[in-house]
Amino acid sequence: MNARPLLLRAAVGLAVAFVVAWIALRQAAVITVMRAFYDALGMGDVYGTRLRWSVWLGAGGAAAAVLLALPVLAVARAPRGPARPPAPREGAEQASELPTDDEISRMMARLEPADLIRPPRSATGDRTARRIGWGAFGLTALVLGAVLVPGAMALRDPLLAARNAQPFGVTDPVYGRDVAYTVFTVPALSAVVQLALVGFFLALCAVLAVAGALWYAETQRGGRADAESVRSRGLGWGLLLGGGLLAGIAAALWLSRYGILSTGDGTLAGPGRATRHIDLPARAVASIAVACLALVAVAWAVPAVRRAWMPRRQGPAAVWGLGAWAATAAVLVVISSAWWLVLLALVVLAGVLLHRGTVGDAEASVPLWALPAFAAATVAVFGVMGPIGARIYDAFVLRGPTYQVERQAIADSLAGTRRAAGLDAATVRTNRYARAAVTPADVRAAPASVASLRLLDIAAARDACTSREVPRDVNAYVCDDIDINRMTVDGRLRTVLVAGREIAPAARGDFQRTHLGLTHGYGVLVAPVDEVASDGQPSWFARGFPQAGLTPPLRHPEIYFGAASGAPWTLVNTDQPVLDGRNPATVITDWCRGDNAASCGADGGTGIALGSGWRRFAAATYVGGIPVAGDSRRALSAMGGDGTRLLLMRDIRTRVRELAPFLRADADPYFAPAGGTLWVVVPLYTHTARYPYAAAYGDSNYMRQPAVAAMDAYSGRTYLFVLDPDEPMLATWRRVYPGLFTPGERMDAVAPGLRAQLRYGEDVFAFQSAAAERYHVSDPQLLANGSAQWAEGWQRQDDQSVPSNARYAVWRDRAGGPERFGLIRTYTGLSRDGQPPSTMAGMLSASSDPATLGALTLDRFTGDAAPSSLTAFGGRITNNADMAQQLKLQSAPAWGDTMVVPVGRGLLYVLPIYLRTQGTGTPAAVFRVVVSTGGDDVAWGRTLPDALVALRASSGAPVADDGAGVPELAARAQAELEAYNAAMGSGDYAAAARHLAALRVLLGRLNRGARTP
């Protein structure tokens, strides 16, 4: 016997065994580590549910793969005909090798007439055929398993959501089903159907390939009877699998009727009249017709039925096929529209041509390829006849103005989009604010609103935090995540900038620094947004090493878990030196243990305890790959005693994707120091693209913020707090995974003070504000003609116009009410003559106050009293001769963000203009602060109070000053004069001009008196 095939088989077997063993080891390591991770979070039941369902679905996918591969084995089985008898053994009695009479009778009963003329086969040939059959079966099952097993496991969450779906309380306008059916049930069914289609298609391809190869081999051997047997088996099993494929296509066509409910353009967010009357009925009829075709294919898979009922000649076959098409067209004529008579006429014409013999020989045999060709043509025609028919109907029948033709669909789109975006619950006001209507009393009554007008430049603050607020010779920290929030400081509501000091990705290098040395960042910096030092630096009141400036002080300012994406895994409580911001050589071995254990809860933080056995080996495999090699070996050697912990998923967005992949985390997480704990917070959204008759913005046409994720930056404790338990999508997921979410009522107990720092998310507000551009109206006719459509506001920055995004600010929404923190975005009307509109058309605001989180207010501005647009405000600056001259004297001044906040009955506009830092070009010192009240006049000053006084002096607008006394004004004037003289002496004429202009403003205030009544 040749040893080479044996060696080859042994090598292949070893390779397969190694791959299988590695996959099993890897999966066991993943399960071990992830179970420990969820247990550390107190969410072990969540992982148990997921693991249990994943295993069951994976087993179902494997079983389906085996079942779909069985036809390959059936097609490839050895023929039943006579085999050449084996050579007699030496010394054996010849008589003992002869069959008995009973054996001969049974053998003859199994023979077919064609078997008598077939060339004899050897026993070796039978064994080869069996090996080929089993090999083809194994390969097919392996390919199908590789597709179906992970595909079935991916169905876990969609199926669980469909099983536990909670009603929206709103029905779609076409079928009258609750929206939950289209949001949860239809996607789950569609995913199952798509997976089944892939499985049937792959199995069908395998059967046809094996049958074709065997048929060719038997034909070459001369075994025509065997070839015909293979052909018959291949045809039968192919028809069965093809029937399954057609059944899946029929189901997909049926479900597509629901998917079309959430498609359309800006005005029609769902099916219009043509789609309702033509396309939807056509899809239903096509689905039933294809299902009938599937039943026929399955029936023909039985040889007896196939011999009795399957047409053999082209003429009868064409009549059957055209008859099926004609019946479909007739049904469409009855239930949909007489326009389907066109299809019926085409079918009749084809029948006439057939009868006249112009399509071929009607008595010729039907070729084998005709069956799949007819099925494919039927699916193709039935799949496109609905959309094409709707287009033809719309072009030739539905003529007239859009609103006249599509009145009902437009009304449904308006109602659906407003519900999906939450605009139907918004408070709507008209002309609540007017131009030039801010009074001195309004300014005095809104200190937090005025103080929320941001003068700090974010880029400059980021550079200052990274370059100046770290210890000397320590280059490992960066302040990439800087956010706007509010705090109560000394009894005052202040809008502040909060920056977390995290490990810089560029500081990570080798394995030691990445996973052992740079384990955590340190502390936060907080500064008021309206205070800027003379050199452009923020006025940090919380800063330093150690952390200082917060009340109550942070118990643990270390940031082991943060907001910056891509934080790598790390090992803590090892014997390796780590950087803590104060002493790079300090060995930290007490994370969440010893004196620090009280800060980490009863479970001791969310680090994974490694121990000394399988869990340690599993953790090393999980983070490093192949055991005892590469990073896995390094991780094993770095794992110290029993106190070593593995920290995984250390940025909040990655953690949320693991815990709740069905929720979307906001793109901008933020730090929130509250109650002595530093939290990392991110809003969580439910979203879908399947809300009926709702316009899509981005990849969603429905979005809400019913939850928020909060993670302790030190211990990693993570909570998914429920803010809106009645939101139907979140209610569904709470039924699926009840242990995943924490009721909002418990927030004050587990995270004291955090509720007061929650923000309404920027992403959901961007979705809602985009929808408001067109759907802020309540009249379908206004939506149809577009006369009331809004456009996003644009602002001037340097020499170009850029979109003005939503801004966090503070304002008083009603007289006598409290000032509240939230998001504001402004709109203009559409440009009609190529020029940007000069007035605002509207404003959308969302509250971030705990009691009214997410409450929307929609303001409309009409008539001559409408405030100026941001573009007009910027234009007035460039058209002001004095301002333009002063700006020309500067070296590339940088325009900041234009801020607008409601103050009293008007709007206050503020724009900081900076001087750029030499070298980097980053905005730094504030050159001027420009203010306006939405009228024709603008003014500026070196500070916001100076600018407000200058505005009053130049235009008579009733804006109060800052109440500075004569001594303070005189001191400012003296400082400006000295700065002017110094600049002139050094030849810095640009700086001299700035100081001279500031001096003029201060002298004017001194002449008018310290306080103006």
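For what it's worth, this note's numbering labels the leading residue of the sequence shown as 1362, then goes sequentially.
For each residue, glycine too, the CB sits at the ideal point set by N, CA and C.
Bridge-paired residues (DSSP) for residue i
i: Asp-2220; result: Arg-1790 and Met-2204
i: Asn-1846; result: Val-1857
i: Tyr-2080; result: Ala-2071
i: Ser-2229; result: Thr-2200
i: Glu-2180; result: Arg-2173
i: His-2048; result: Met-2064
i: Ile-1819; result: None; Ile-1819 has no bridge partner.
i: Leu-2268; result: Pro-2263
i: Trp-2155; result: Pro-2164
i: Ile-1493; result: Ile-1493 pairs with nothing; no bridge assigned.
i: Ile-1920; result: Gly-1882
C-alpha gap between residue i and residue j, whole angstroms
i: Val-1799; j: Ala-2070; result: 39 Å
i: Asp-1992; j: Leu-1886; result: 35 Å
i: Gly-1955; j: Ala-1970; result: 15 Å
i: Gly-2365; j: Gly-1897; result: 26 Å
i: Asn-2368; j: Leu-2309; result: 16 Å
i: Ala-2152; j: Glu-2339; result: 48 Å
i: Thr-1501; j: Leu-1616; result: 29 Å
i: Tyr-1408; j: Pro-2197; result: 55 Å
i: Pro-1443; j: Ala-1574; result: With a pLDDT of only 46 at Pro-1443, under the threshold of 50, the placement of this residue in the model should not be trusted; the figure read from the coordinates follows. Whole-angstrom Cα-Cα distance: 22 Å.
i: Ser-1457; j: Arg-1370; result: Confidence at Ser-1457 is low in this model, with a pLDDT of 45, below 50, so the placement of that residue should be treated as unreliable; the coordinate-derived value is given next. Taking the straight line from one Cα to the other gives about 37 Å.
i: Ile-2013; j: Arg-2157; result: 35 Å
i: Ser-1810; j: Asp-1824; result: 27 Å
i: Arg-1492; j: Ala-1382; result: 25 Å
i: Phe-1379; j: Arg-1780; result: 56 Å
i: Leu-1602; j: Val-1663; result: 12 Å
i: Asp-1640; j: Thr-2223; result: 42 Å
i: Gly-1597; j: Ala-1737; result: 18 Å
i: Thr-1689; j: Ala-1650; result: 7 Å
i: Gln-2142; j: Glu-1767; result: 10 Å
i: Met-1671; j: Val-1433; result: 23 Å
i: Ala-2255; j: Leu-2269; result: 21 Å
i: Ala-1776; j: Asp-1533; result: 11 Å
Supposed contact pair residue j and residue i - C-beta distance, whole angstroms, cut 8 Å
i: His-2206; j: Leu-2191; result: Going by the sequence as given, residue 2206 is Ser instead of His. The pair is not a contact, with the Cβ atoms about 22 Å apart (cut-off 8 Å).
i: Leu-1505; j: Gly-1560; result: 6 Å
i: Gly-2037; j: Leu-1915; result: 6 Å
i: Arg-2135; j: Gly-1627; result: 6 Å
i: Thr-1356; j: Gly-2077; result: In this structure the chain extends from 1362 to 2374, so residue 1356 is not present and cannot be described.
i: Leu-1816; j: Val-2262; result: That pair is no contact at about 13 Å.
i: Leu-1629; j: Ile-1771; result: 7 Å
i: Gly-1923; j: Ala-2074; result: 6 Å
8 Å Cβ cutoff met for residue i and residue j
i: Gly-1422; j: Gly-1512; result: yes
i: Tyr-1921; j: Leu-2008; result: yes
i: Val-1646; j: Val-1692; result: yes
i: Leu-2214; j: Leu-2084; result: yes
i: Phe-1872; j: Arg-1995; result: yes
i: Tyr-2031; j: Arg-2120; result: yes
i: Val-2430; j: Arg-2237; result: Any answer about residue 2430 is impossible in this case: the structure gives the chain only from 1362 up to 2374.
i: Pro-1938; j: Ala-1822; result: no
i: Leu-2081; j: Ala-2026; result: no
i: Ser-2130; j: Thr-2232; result: no
i: Ala-1437; j: Gly-1494; result: yes
i: Thr-1778; j: Arg-2221; result: no
i: Pro-2228; j: Ala-1795; result: yes
i: Tyr-2046; j: Asp-2124; result: yes
i: Ala-1557; j: Ala-1541; result: no
i: Ala-1820; j: Cys-1840; result: no
Residue i Cβ short of 7 Å to the ligand MG heavy atom set
i: Pro-1938; result: The model on display carries no ligand, and the ligand MG is accordingly not part of it.
Would you list, in sequence order, the uninterrupted beta strand (DSSP E) runs of no fewer than 3 residues that lie entirely inside the region 1602 to 1630? Complete beta strand (DSSP E) runs here, min 3: none at all.
Go through the region 2015 to 2049 residue by residue and report every complete run of the beta strand (DSSP E) that reaches 3 residues or more, in order. 2031 to 2035 and 2038 to 2049
Jot down the residue ranges of each uninterrupted alpha helix (DSSP H) in the region 1506 to 1531, minimum 4 residues, whole runs only, in chain order. 1517 to 1524
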